[in-house]
Amino acid sequence: MSTVRVRFAPSPTGYLHVGGLRTALYNYLFARKHRGSFILRIEDTDRNRYVEGAVENLVRTLHWAGLAFDEGPGAGGDRGPYVQSERLTLYRDHAEQLVREGKAYYAFDSQEELEAMKAEQEQRHLTPKYDRRALRLTPDEIQRRLAGGDAHVIRLKVPDDTTVAVEDIIRGRVEFASEMIDDQVLLKSDGYPTYHLANVVDDHLMGVTHVIRGEEWLSSTPKHVILYQCFGWDLPVFAHLPLLLNPDRSKLSKRQGDVAVEDYMQKGYLPEALLNFIAFLGWNPGDDREIFTLDQLVEEFSLERVGKSGAIFSMEKLNSVNKQYLRTASEARLADLIRPRLQAHGLAVPDDQYLSGVIGLMKERATTLEEFVTGCTYLYTDPLAYDEDARKKNWKPESAGYLRAVSPPLDALTHFGASDIEECVRSVAEQNGVGTGKVIHPLRLAVSGTAKGPGLFEMMALLGKSTCLRRIDRAVTTLG
RNA sequence: GGCCUUAUCGUCUAACGGUUUAGGACGCAGCCCUCUCAAGGCUGAAAUACGGGUUCGAUUCCCGUUAAGGCUACCA
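So, in structure tokens, the structure goes:
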């Protein structure tokens with residue numbers, strides 16, 4: 219068997235869709251698993267959709283995710299160029315070859331004519347399909363119009379009365395009646411190829427052995443099969459992945475939540491967590507294991523274990539997975555990831571030792587990197603306000619008195635460690651004849667402004683004596 | 001409308017005709033632990049869309065219905 223070559227072929231629309239990320243991931247896993255090549259190819263054949271900087275963004279996002287490609291823009295490879303807009307003559311040559319062989323034909327219809335045709339077909343409840351009027355043109359007429367520079371396209375002449383079968387690893391054999399297949403435009407009037415032509419020509423020329431892509435392509439695969447047959451090329455193996463869905467089960471899209479990988483990057487999800495989560499949307503190893511590194515996924519992955527039904531992209535599981543990765547991430551890495559987030563929030567970046575303390579306290583509690591900042595701003599700056607519910611629940615008329623009582627002994631501490639603080643707080647509670655909670659809860663409110671968070675004593679030790687005393691003082695005066 | 005695909009707990013899924021009182025995870029509820037939260041431990045509620053076949057036996061195979069989704073562009 220020849221070496222596996224797969225490709226991820228996004229169009230540069232400005233950002234990488236999470237569905238695209240999963241397609242890229244499965245291609246990557248399959249390539250690595252079989253020691254093959256993973257190619258990145260840019261499908262920028264729609265000039266109207268071109269977005270400045272999109273390719274760079276795509277590459278950057280893939281890099282963030284850790285999905286390194288072997289061939290593609292910036293990565294080299296001897297089957298390039300890997301950007302379709304740089305391969306235009308290739309597509310025209312192939313399309314014209316098909317015309318010469320009678321397998322495709324020129325058409326000069328205007329947009330208006332096509333729309334009128336379609337409207338009429340719809341009115342008569344017929345399937346919209348090109349009626350092949352261009353086939354009635356005489357050779358002379360075609361030559362004359364071509365020479366005259368008339369706008370034209372090249373259409374595929376789909377064979378009559380046959381069945382086109384697609385063999386798909388995931389879905390088995392899927393058959394289509396050729397009558398149902400439209401004479402697809404291969405080369406547009408602006409000289410650019412359509413996806414269908416470019417995709418087939420490139421996959422063949424780039425030696426792609428397995429086409430792993432989303433299910434939305436299954437319906438147009440027979441057109442691709444016909445093209446391979448017209449050119450006399452071997453078919454690649456097809457694998458159409460189930461779609462990623464919105465909570466309402468429609469195809470995952472914007473407007474129903476975040477679909478750009480960058481959104482998750484910004485929210486503070488770790489790439490390996492996102493990848494791990496997304497890998498399980500449509501695939502599983504067959505047993506109960508759920509946490510996998512990229513390398514482990516490579517080891518375990520197989521297209522045979524990819525499911526057929528669409529999967530809803532819901533956040534709960536992602537959060538859970540990210541939490542698990544956060545807990546095991548190294549302190550140094552977390553610190554590096556948190557520093558820029560503090561700056562983005564206009565917070566002063568504390569020294570390494572302090573930040574390491576914050577991480578120690580928050581590691582088990584944070585769902586995202588962002589929560590190391592927004593979930594505990596009181597660790598960086600004095601609380602501006604007290605959480606209303608927490609105040610109601612934990613601040614009693616007698617609370618101020620306890621805090622006043624605990625302040626001097628805390629101040630007297632020569633070593634402000636967690637156990638020293640705890641001892642101090644407990645003895646003040648005892649002296650006042652109340653349970654420790656009567657002091658702890660208001661103290662927590664005073665120090666952090668909220669009712670939840672890390673252990674109080676550890677937190678106070680990190681904040682330091684003067685900060686704690688200052689905050690206690692302020693609580694006593696403002697909360698009374 | 002037509003073509004194609006899909007159908008197990010709320011969600012992601014396991015089960016590749018019998019080992020199943022349909023398993024796990026997330027989420028949810030309760031309990032334990034506990035200074036709160038988180039983590040952890042224990043417990044619980046929760047599913048084979050429906051109807052026909054095939055078979056000694058169907059979640060598993062076939063057909064139909066229903067539902068959902070995709071495609072139906074000179075977009076990918």
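Under our numbering, the first residue of the first sequence carries the number 219, and numbering increases by one thereafter.
Glycine included, C-beta positions come from ideal geometry on N, C-alpha and C.
**Prompt:** What's the C-alpha gap between L555 and L587?
**Reply:** 7 Å
**Prompt:** In chain order, what residues of the same chain lie with their CB nearer than 7 Å to the CB of G698, ignoring the 5 residues before and after it?
**Reply:** A618, listed in sequence order.
**Request:** Please say whether L681 and G575 have beta carbons closer to each other than 7 Å?
**Result:** The Cβ atoms of G575 and L681 do not sit closer than 7 Å to each other.
**Message:** Closer than 8 Å is the cut-off here; do at least three beta carbon pairs connect the segment 298 to 312 with the segment 250 to 268?
**Reply:** yes
**Asked** Three-state secondary structure (DSSP) at G294?
**Response** strand
**Asked** DSSP on F519, reduced to helix/strand/coil?
**Response** coil
**Request:** Kindly give me the distance between the Cβ atoms of L621 and I690, rounded to whole angstroms, as I take these residues to be in contact under 8 Å.
**Result:** 5 Å
**Prompt:** How would you write the range of the beta strand (DSSP E) that L405 sits in, first residue to last?
**Reply:** Looking at the DSSP string, the run of the beta strand (DSSP E) that includes L405 is V403 to L405.
**Message:** If contact is defined by three or more beta carbon pairs under 8 Å, each pair taking one atom from either stretch, is the segment 289 to 297 in contact with the segment 239 to 257?
**Reply:** The segment 239 to 257, when compared against the segment 289 to 297, does touch it at the 8 Å Cβ threshold.
**Prompt:** DSSP puts I430 in a beta bridge; with which residues?
**Reply:** A457
**Message:** If I measure Cβ to Cβ from V376 and keep anything under 8 Å in the same chain, skipping five residues before and after, which residues do I get?
**Reply:** Result list for V376: S396, I399, D400, D401, Q402, K441 and I444, in chain order.
**Prompt:** Counting Cβ pairs, one atom from each stretch, are 3 or more of them under 8 Å apart for the segment 513 to 530 and the segment 542 to 549?
**Reply:** no
**Prompt:** Going by the beta-carbon positions, is the gap between A630 and T668 smaller than 7 Å?
**Reply:** no
**Prompt:** Under 7 Å between the Cβ atoms of Y309 and A478?
**Reply:** No, these two residues do not count as a Cβ contact at 7 Å.
**Message:** By the three-class DSSP mapping on this structure, what secondary structure does L280 have?
**Reply:** helix
**Prompt:** Can V224 and H428 be called in contact, C-beta distance under 7 Å?
**Reply:** Cβ atoms of V224 and H428: closer than 7 Å.
**Request:** Please state whether DSSP places E289 in a helix, a strand or coil.
**Result:** Looking at E289 - three-state DSSP - the assignment turns out to be strand.
**Request:** Please name the residue in Y487, I372, G367 and E393 whose C-alpha comes closest to that of D379.
**Result:** E393
**Asked** Where does the unbroken alpha helix (DSSP H) through L258 begin, and where does it stop?
**Response** From DSSP, L258 is part of no alpha helix (DSSP H) but of the beta strand (DSSP E) over S255 to L258.
**Prompt:** Which residues in the same chain as F510 place their Cβ atom closer than 8 Å to its Cβ, once the five residues preceding and following it in sequence are excluded?
**Reply:** N494, A497, P503 and E518
**Request:** Out of S468, V567 and V273, point me to the one whose CA is closest to S527's CA.
**Result:** S468
**Request:** Might you give, ordered along the chain, the residues of its own chain that have their beta carbon closer than 8 Å to the beta carbon of E490, omitting 5 neighbours on each side?
**Result:** Around E490: G284, T511, L512 and Y543.
**Request:** Report the partner residues of G390 according to the DSSP bridge assignment.
**Result:** DSSP lists D386 as partners of G390.
**Asked** Would a C-beta distance cut-off of 7 Å place N245 and I360 closer than the cut-off?
**Response** Contact flag unset, no.
**Request:** Quickly, what does DSSP pair L374 with across the bridge? List them, please.
**Result:** DSSP, once it has assigned bridges, lists A322 as partnering L374.
**Asked** Within 10 angstroms of its Cβ, does P291 collect 16 or more other Cβ (buried), or is it exposed?
**Response** buried
**Message:** Beta-carbon within less than 8 Å of V455's beta-carbon, same chain only, minus the 5 sequence neighbours each way: which residues are those?
**Reply:** E385, I387, T427, H428 and V429
**Asked** Is the distance from the Cβ of P672 to the Cβ of W613 below 7 Å?
**Response** no
**Item:** Proximity to L277 [Cα-Cα], best of A242, Y487 and D600
**Value:** For the record, residue 277 in the displayed sequence is Val; it is not Leu. Looking at the Cα atoms, A242 is the closest of the given residues.
**Message:** For the beta strand (DSSP E) containing R223, name the first residue and the last one.
**Reply:** R223 to F226
**Request:** Select from S532, P460 and L492 the residue whose C-alpha is nearest the C-alpha of W435.
**Result:** P460
**Nearest-angstrom Cβ-Cβ length linking Y482 and L492, presumed shorter than 8 Å** = 6 Å
**Message:** Which of the three DSSP states is assigned to K670 in this structure?
**Reply:** Residue state, collapsed to three classes: coil.
**Message:** Taking its Cβ as the centre, do 16 or more other Cβ atoms sit within 10 Å of A562, making it buried, or is it exposed?
**Reply:** exposed
**Asked** Assuming E508 contacts T279 under a Cβ cut-off of 8 Å, what Cβ separation, rounded to an integer in Å, is found between them?
**Response** In fact, because the Cβ distance is near 24 Å, the residues do not count as touching under 8 Å.
**Prompt:** For R267, which option in S229, H370 and W282 has the closest C-alpha, if you only look at C-alpha atoms?
**Reply:** S229
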